[in-house]
Amino acid sequence: MRKNHQYWATIQGLNLYYTELRQKMIFSGVPAQLVLAFLVDSLIGDPRWIPHPIRCIGEFISWLEGRARKFCHSPVTEKVSGGVVVAVVVGTTYLVTYLFTEA
5 MRKNHQYWAT IQGLNLYYTE LRQKMIFSGV PAQLVLAFLV DSLIGDPRWI PHPIRCIGEF
65 ISWLEGRARK FCHSPVTEKV SGGVVVAVVV GTTYLVTYLF TEA
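Quick note on the numbering used here: the sequence shown kicks off at 5 and runs consecutively.
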């Protein structure tokens, strides 16, 4: 089997890049920072008074699902309403993120 040399060189280059990147991360203190961040988060946790985006999205999904289930009378309408819920959640999340970062 003959190797495509350009493809093989690209794979070798990526492999070399990944190896260098991994070595830089190991020796730059990144693993220690991750362990420390995990320990601090485990001990202290997130303050309840700060609304976390994932909690807000979860509450939004629950609210939408409750509204969508009112229209579900068959498996087909369940799938359609589920798709609408997904589209609305993804679209709203994108829009809010865009407004926070660009405005």
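No residue lacks a Cβ here, since even glycine has one placed at the ideal position from N, Cα and C.
Remember, it's a predicted structure, so these values are computed and weren't measured experimentally.
Item to check | Nearest to V89 (by Cα), restricted to the options F75, L99, A36, L68 | outcome: Minimum Cα distance to V89 is reached at L68.
Checklist entry - Is there contact between the stretch 90-103 and the stretch 57-65, where contact requires at least three CB pairs shorter than 8 Å? => result Here the stretch 90-103 makes contact with the stretch 57-65; the two share three or more CB pairs at distances below 8 Å.
Checklist entry - Which two residues bound the contiguous alpha helix (DSSP H) that contains K83? => result Where K83 is concerned, the enclosing alpha helix (DSSP H) stretches over 79-106.
Checklist entry - Would the beta-carbon of S66 fall within 9 Å of that of F75? => result no
Checklist entry - Quick one: Cα of T81 to Cα of Q37, how far? => result 48 Å
Item to check | Helix, strand or coil at F64 [DSSP, three-state] | outcome: helix
Item to check | Coarse secondary structure for P55, derived from DSSP in three states | outcome: If DSSP states are grouped into helix, strand and coil, P55 belongs with coil.
Checklist entry - Using the rule of at least 16 other Cβ atoms within 10 Å of the residue's Cβ for burial, across every protein chain shown, is P35 buried or exposed? => result exposed
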